[in-house]
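A.B. asks: Quick one: structure below, then a few questions.
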Amino acid sequence: MPELPEVETVKRGLEEFIINETIRKVYLSELKLRFPWPKNFISEVVGKEIVSIKRRAKYIIISLNQGYSIIAHLGMSGSYKVLKKNAPQDYIRLKHDHLVIELDNFILVYNDPRRFGYIDLTNKEPEKHKFLSLLGPEPLSNSFNENDFAGSLLNKNKSIKNTLLDQSIVSGLGNIYVCEALFRSKINPKKNCSKLITSKGKPREKLILLVNKINEVIKEAIDAGGSTLRDFSSTDGKMGYFQTSFYVYDRENEKCLLDDCGGVIKRVVQSGRSTFFCSNCQK
DNA sequence: ATCCCCACCTGGCCGC
DNA sequence: TGCGGCCAGGTGGGGA
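This is the structure:
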């Protein structure tokens, strides 16, 4: 489900409700998510207060007092809901509710049909976490710039599509926004990433454009509240609407939306995942 | 190293 | 209506 803009939307939705609340009770389902539940998760978090919530790439970091942080990833189908406590029916367990955190005034519920999500607990700096430490720069940050990006492509030999899905090169992008950013940059997804840099690892024009278009599409999607496909919704139940702005994603056999193009959107499979692009515009 | 492929899951949709 | 097959926003881990 969720790429950077969707996770940012979820993070903003949670932030409104759960900061400064204390964890009173926790329920874990008997099924594990991607990995087994952290040892002693319940006893470690109960009684602690939520002091901040951040996003890094597609991860949500819920920091508690006493230096603890919950690190969470939504996988493909995860979602959070915040319910008002002591409402007539404050919580009725639904299918695929795997984590329920009762706070002072709210109940935070994590639902995940496919259970590809990930939840961990650490008492170290979240950035040092084994998965977070491997992440590349965030789009829209200073560390995501054409020179460093070009340098990270040195000695790489794979398609630009697969390169952009690699979270250690640039983090937070997924299948949708990679397809959209490549379209906006007029780059063919199958192009080898090495062709976008010089032999010395300096950025060529197209790579500079790509950096700008990645930032552009991510910013627009965040402003739209993310994309809503199938079951994704933000914590307040409102839907993001960026899916209405897709140029290529899930538009196989439809016309290219650029007026002067006349091409048709194609779907190909790269490393087992669908890529949508216009072969007429994207060279 | 680097890259590719698989596995992990459920559910929705399409064609027969 | 049922059923098999295919597809889905991700990614760690293992093998080549």
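Note that the working numbering has the first sequence beginning at 608, numbered continuously upward. All residues carry an ideal CB built from backbone N, CA and C; glycine is no exception. Small disclaimer: the values here were computed from a predicted structure and weren't measured.
#1: Ignoring anything shorter than 4 residues or poking outside the region 763-812, list the alpha helix (DSSP H) runs there in chain order.
#2: Considering only C-alpha positions, which residue in the set Val777, Tyr675, Ile767 is nearest to Ala664?
#3: Just how far apart, CA to CA, sit Leu814 and Leu611?
#4: Select from Val855, Gly832, Ile668 the residue whose C-alpha is nearest the C-alpha of Glu613.
#5: Which residue from Val716, Leu761, Ile699, Val653 puts its Cα closest to that of Leu681?
#6: Phe648 by DSSP, collapsed to three states: which one?
#7: Is the separation between the beta-carbon of Asn712 and that of Lys692 shorter than 8 Å?
#8: Please identify the residue among Thr805, Gly781, Val818 whose C-alpha is closest to the C-alpha of Ile794.
#9: Tell me whether Lys639 sits in a helix, a strand or coil according to DSSP, three-state version.
#10: Can you tell which of Met683, Glu823, Ile660 has its C-alpha closest to the C-alpha of Tyr725?
#11: Looking only at C-alpha atoms, which of Thr835, Ile767, Ala679 sits nearest to Lys890?
#12: According to DSSP, is Ile625 helix, strand or coil?
#13: Going by other Cβ atoms of all chains shown within 10 Å of its Cβ, with 16 needed for buried, is Lys646 buried or exposed?
#14: Thinking Arg641 and Glu709 are a contact (beta carbons under 8 Å), I'd like their distance in whole angstroms, please.
#15: List the DSSP bridge partners of His680.
C.D. replies: Reading from the atomic positions:
#1: 767-772, 782-792
#2: Sequence index remark: in the first sequence, residue 664 carries index 57 (1-based). The residue with the shortest Cα to Cα distance from Ala664 is Val777.
#3: Translated into the one-based positions of the first sequence, residue 814 becomes position 207. Translated into the one-based positions of the first sequence, residue 611 becomes position 4. Taking the straight line from one Cα to the other gives about 21 Å.
#4: On the first sequence, position 6 is the one that residue 613 refers to. Out of Val855, Gly832, Ile668, Gly832 has the C-alpha closest to the C-alpha of Glu613.
#5: Residue mapping note: residue 681 aligns to position 74 of the first sequence, counting from 1. Looking at the Cα atoms, Val716 is the closest of the given residues.
#6: Against the first sequence, residue 648 aligns to sequence position 41. Phe648: helix per DSSP, three-state reduction.
#7: The residue you call residue 712 lines up with position 105 of the first sequence. The residue you call residue 692 lines up with position 85 of the first sequence. Here Asn712 is near Lys692, since their CB atoms are less than 8 Å apart.
#8: As a working note, residue 794 is residue 187 in the first sequence. For Ile794, the nearest C-alpha among the options comes from Val818.
#9: Here the question's residue 639 lines up with position 32 in the first sequence. In the structure shown, Lys639 sits in coil (DSSP, three-state: anything other than H, G, I, E or B).
#10: Within the first sequence, the letter at position 118 stands for residue 725. Selected option, being the one with the closest Cα: Met683.
#11: Stepping through the first sequence from its first residue, residue 890 is reached at position 283. That would be Ile767, whose Cα lies nearest to the Cα of Lys890.
#12: In the first sequence, counting from the first residue as 1, residue 625 sits at position 18. Note: Ile625 maps to helix in three-state DSSP.
#13: Along the first sequence, read from residue 1 onward, the residue named residue 646 stands at position 39. The residue in question, Lys646, is exposed, as its Cβ has fewer than 16 Cβ neighbours within 10 Å.
#14: Along the first sequence, read from residue 1 onward, the residue named residue 641 stands at position 34. Along the first sequence, read from residue 1 onward, the residue named residue 709 stands at position 102. In this structure Arg641 does not touch Glu709 by the C-beta definition: roughly 24 Å separates them, more than the 8 Å allowed.
#15: Against the first sequence, residue 680 aligns to sequence position 73. The partner list for His680 (beta bridge, DSSP) reads Tyr666, Tyr725.
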